[in-house]
Amino acid sequence: MKRAFPRSRLLPGLRWCRPDILSSVGLDPASDPLAEVFRPAPLGRVVKRRPSREVRAQAHAIRDAVRAADCRNATVDQLLPLVREYPQSEELQKIVARLLTELNDERALEAWLGISMRFPASMDAFRNLVDLVLRSKGKAAVRTIVRARFPRMPARLDQLLAYAEACDAIGQTDDSGAAFGLVARAFSKRKEAWLLFAAWLEEEIGMHRSVVTLLRRIAAGAWLGPPLLQEDKRLHAVISDFEHVDAVALNGSSLASVRVLEALFDRILDDRRRALSAPAPTSGKLVLLTGSLGAGGAERQFVTTAVGLRAMSLQQRTLPDGLVLDEVHVVARSLVDREDGSFYVADLQRAGIQVESYREWPDFGGDLASSVARPTLRALGFLPWSTAEAVIKLSDRLKEMKPAVVHIWQDGLVYAAGLAALLAGVPRIVLSGRSTPPPDRRENYLVEYDVIYKSLLQAPGVVLSVNSRHAAGRYANWLDIDERAIVVMPNGVAPLSIEAGSASPAMFSTFEARTGQGAMTIGSVMRLDEVKRPLLWVDAAAAILVRVPTMRFIVVGDGPYRKRMLRRATKLGVASRCLFVGRTADVGYWLSKMDLLMLLSEHEGLPNALIEAQLAGVPVIASAAGGTAETVIPGKTGLVTSVKATPDEIANKIAALAGEPDRLKNMASEARTWAMQAFPIPRMLSNTLNLYAAAGVTSEPHVTRGES
């Protein structure tokens, strides 16, 4: 294996050439405050290798007490016994050196030099040494240290970063540029094949989500992550890099990604609080971020918001606090991850909105040396793929765009892009969960959601919105915050046109000829995935046909469960009574052919499909998932079943309703009136602008329960 630097330049044990370095920077070896610890141990004494969690906690407690008392004499005296007991613990020695640095003790330089020579793999110690030598001895001394440490360009990522930063600090721009170029190329060699394979498994064969998540974790770590056996050691080094006055204590039971995120957010939030004390801009761009523009209710709401805001005049887009949103931009993570990932692009383009995909943007804005993401590089290998990718691709472009507001839609993108928006210094960040919180959907849940959401909500200028009261309660429960801190903003929905091209009427005509004119029609508009429970939908259809043999069924939508639905319908002998339309823009036309819309989801936010059906005068029957009950007046505009309702229970309700045509007709009229009054688009747009204004006055963290 090729070494990063020749062993001949080092003493045994990979220690630096101490005499050369000491003479070049003019340091006295005796002045290292930790030197006495490394005198030969008495015979028979066992040298302990690694401190326990309790010992490390004791060291942190001493450190915090010293900081509070500002007593420099206590620094070494109180911690030396622990360092002596565990002479091979880099962490304990760095606690001493950091305290000396914070207290401006002249012995700090010697302490960092000693640690650097005892732990030559510690790039944290090397960076601190370079910083102190530069301040006290000048650039020439730093050049000596850099040459001694890296006689040639290093190969490891952490060493390459340290080398690039040291060269940058002393003005060796050619060397730093070459090193940063190598780092950028390392980041560009991502294992995209793993991501494509995971997407294929999920979309084509419906593999269980936990397996897909595992593959994505492999993709996240394959290009940056260390060998498994070295992860714990490298994790401690990464977190120690971010340690500062308010550093969190390491929790050995946490995942590496969680521990790194906690330390990283801790540092970023401090920087943000200082940055937002500057005068706020009076105008700026609005950037709306979404995962994709595929066919779906949340995506449709996203597009409705973007188009509606774009159509407003500048005066209308002036917030109550005076901020003018002068441009509206739409950015998606990808338009090709899903087969229908660009479904709504044409609608946005017709409104004059150009759509960009951040996966197509250059890594680090094309210049790693000046990237705002540069301080996070050592942590990226421990983070989930989507978060690392957004930091790499999105942070610098957002910094360049200088948006006044970034509105991030849906949990998946909050999880990915929230950190990038903070790094870019966006003054107002709006998070739209729009559904039930991640823990309620275990198939999609990752533990990193907890620390990301909670950390984002500790940042000034960040607000959280959801589209139902049910969701607000569930998010508050999960995040342990006051429910009143979460903005509830119901969807705005417009009636859909019943106009259609020739294909849809021809398809219906053929279906009608097979099933008979005038038959009562039950339909659905949904993405055919496990959340919508399409197989339960087919089972319910079969149970309904037992009771009402003339009933027929229309399913509008597509997804990974379409083939399974067809197979189930065939197996149950009901395929001839079912029409699977697939993905279409003619949703309004198909709603006009339905007498009742059935939606049996396991999870929901505030389902647009139910609102659009009622606007079209179609009563609904739906499971009481999420905010479903907030879209229906039970018994007047539709029926609500238990989430655990069986096919027979659903069929009995529908059969009873089919026997009361006058009641069904009255429900259709009530549904249209209710939906028009409850979900108008102008009100939603007005609420959205108020939400952006609220982000401008949020300077304190969200209140946790018990604090109000």
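If you count by our numbering, then the sequence shown holds residues 35 to 742, one letter each, in order. Here a beta-carbon is modelled for each residue, glycine too, at the ideal position from N, C-alpha and C.
_Unbroken beta strand (DSSP E) run spanning F336, endpoints_ = Your numbering for residue 336 matches position 302 in the sequence shown. From DSSP, F336 is part of no beta strand (DSSP E) but of the alpha helix (DSSP H) over G331 to R344.
_Between the CA atoms of V590 and A577 - distance to the nearest angstrom_ = Against the sequence shown, residue 577 aligns to sequence position 543. Against the sequence shown, residue 590 aligns to sequence position 556. So the two alpha carbons sit approximately 20 Å from each other.
*Own chain residues within Cβ distance below 7 Å of G616, not counting five before or after*: Locating residue 616 in the sequence shown gives position 582, counting from the first residue. These residues qualify, in order along the chain: D592.
*At 4 residues or longer, and completely inside the region 158-209: list those alpha helix (DSSP H) runs for me, N to C.*
173-183 and 191-203
_Minimum length 4: unbroken alpha helix (DSSP H) runs contained in the region 466-545_ = 482-490 and 503-513
*Does the pairing of the region 289-309 with the region 484-499 give three or more beta-carbon distances under 8 Å?*
yes
_V497 vs V521 beta-carbon contact at 8 Å_ = For the purposes of this step, residue 497 is taken as residue 463 along the sequence shown, with counting starting at 1. For the purposes of this step, residue 521 is taken as residue 487 along the sequence shown, with counting starting at 1. It is a contact, given that the beta carbons lie within the stated cut-off.
*I think V572 touches R602, with their Cβ atoms under 8 Å apart; what is that distance to the nearest whole Å?*
Here the question's residue 572 lines up with position 538 in the sequence shown. Here the question's residue 602 lines up with position 568 in the sequence shown. So it is a contact: roughly 5 Å between Cβ atoms.
_Only counting the same chain, and skipping five residues up and downstream in sequence, which positions put a Cβ closer than 6 Å to that of L634?_
Locating residue 634 in the sequence shown gives position 600, counting from the first residue. So the qualifying residues of the chain are R567, L570, W571 and S657.
*Is DSSP giving I426 helix, strand or coil here?*
Walking along the sequence shown from the start, residue 426 turns up at place 392. Looking at I426 - three-state DSSP - the assignment turns out to be helix.
_So if DSSP puts K319 in a beta bridge, which residue, or which two residues, is it bridged to?_
Taking the first residue of the sequence shown as 1, we reach residue 319 at position 285. Note: K319 sits in a beta bridge opposite E361 and P437.
*By how many angstroms is the C-alpha of V582 removed from the C-alpha of A689?*
Stepping through the sequence shown from its first residue, residue 689 is reached at position 655. Stepping through the sequence shown from its first residue, residue 582 is reached at position 548. The alpha-carbon atoms of A689 and V582 are separated by roughly 7 Å.
*asked:* Once the 5 residues before and after S376 are set aside, which same chain residues still bring their CB inside 7 Å of it?
replied: Stepping through the sequence shown from its first residue, residue 376 is reached at position 342. Contacts found: L327 and L369.
*Classify G211 as helix, strand or coil using the three-state DSSP reduction.*
As a first step, residue 211 is located in the sequence shown; it is residue number 177 there, counting from the start. Here G211 sits in helix by DSSP.
*Please classify V652: does DSSP put it in a helix, a strand, or coil?*
Within the sequence shown, residue 652 is the residue found at index 618, counting from 1. The answer is coil: DSSP assigns V652 none of H, G, I, E or B.
*Is the distance from the Cβ of D397 to the Cβ of K433 below 8 Å?*
As a first step, residue 397 is located in the sequence shown; it is residue number 363 there, counting from the start. As a first step, residue 433 is located in the sequence shown; it is residue number 399 there, counting from the start. For D397 and K433, no; Cβs fall outside 8 Å.
*Entirely within the region 346-396 and at least 3 residues each: give me those beta strand (DSSP E) ranges in chain order.*
358-366 and 389-391
*Which ranges does the beta strand (DSSP E) cover as unbroken runs of at least 3 residues, wholly within the region 620-680, from first to last along the chain?*
630-633, 654-657 and 672-675
_Please state the DSSP three-state secondary structure of G148._
Taking the first residue of the sequence shown as position 1, residue 148 is located at position 114. Reduced to three states, the DSSP call for G148 is helix.
*Report yes if the C-beta distance between A528 and I387 is below 8 Å; otherwise report no.*
Counting from 1 along the sequence shown, the entry for residue 528 is found at position 494. Counting from 1 along the sequence shown, the entry for residue 387 is found at position 353. Contact flag unset, no.
*Taking the alpha-carbon positions, what's the F713 to E704 distance?*
For this step, residue 713 is matched to residue 679 along the sequence shown. For this step, residue 704 is matched to residue 670 along the sequence shown. Spanning the two alpha carbons is a distance of roughly 14 Å.
_Inter-residue CB distance, C201 and A182 (contact presumed, cutoff 8 Å)_ = Taking the sequence shown and counting its residues from 1, the one referred to as residue 201 is at position 167. Taking the sequence shown and counting its residues from 1, the one referred to as residue 182 is at position 148. Going by Cβ atoms, the distance from C201 to A182 rounds to 14 Å, so no, they are not a contact pair.
*Could you check how far apart the C-beta atoms of Q92 and L114 are, in whole angstroms? I think they sit under 8 Å.*
Here residue 92 refers to the residue found at position 58 when the sequence shown is read from its first residue. Here residue 114 refers to the residue found at position 80 when the sequence shown is read from its first residue. So it is not a contact: roughly 13 Å between Cβ atoms.
*Take V608 and list the residues in its own chain whose beta-carbon comes closer than 8 Å to its own, dropping the five residues that flank it on each side.*
As a position in the sequence shown, residue 608 is number 574, starting the count at 1. So the qualifying residues of the chain are V572, A575, A576, L579 and F587.
*asked:* Do G639 and G672 count as a contact pair if the criterion is CB distance below 8 Å?
replied: Position 638 of the sequence shown, counted from the start, is the residue given in the question as residue 672. Position 605 of the sequence shown, counted from the start, is the residue given in the question as residue 639. Not a contact, by the Cβ cut-off of 8 Å.
*asked:* Using 8 Å for Cβ pairs, my map puts N721 next to M523. What's the rounded Cβ distance?
replied: For the purposes of this step, residue 721 is taken as residue 687 along the sequence shown, with counting starting at 1. For the purposes of this step, residue 523 is taken as residue 489 along the sequence shown, with counting starting at 1. About 5 Å separates the two Cβ atoms, so the contact holds.
*Quick one, which of Q383, A553 and L625 has its alpha-carbon nearest S538's?*
Taking the first residue of the sequence shown as 1, we reach residue 538 at position 504. It is L625.
_V358 versus S347: straight-line alpha-carbon distance, rounded_ = Stepping through the sequence shown from its first residue, residue 358 is reached at position 324. Stepping through the sequence shown from its first residue, residue 347 is reached at position 313. If I take the Cα positions, the gap works out to 10 Å.
*asked:* Can you find the residues in the same chain that come closer than 8 Å, C-beta to C-beta, to H637, ignoring five residues on each side of it along the sequence?
replied: Here residue 637 refers to the residue found at position 603 when the sequence shown is read from its first residue. Answer for H637: S469, T470, D474, R475, V565, A659 and G660, listed in chain order.
*Distance, Cα to Cα, L411 vs K319?*
Counted from its first residue, the sequence shown places residue 411 at position 377. Counted from its first residue, the sequence shown places residue 319 at position 285. About 28 Å.
_Pair within 8 Å by beta-carbon distance, S317 and A458_ = For this step, residue 317 is matched to residue 283 along the sequence shown. For this step, residue 458 is matched to residue 424 along the sequence shown. Not closer than 8 Å, so no.
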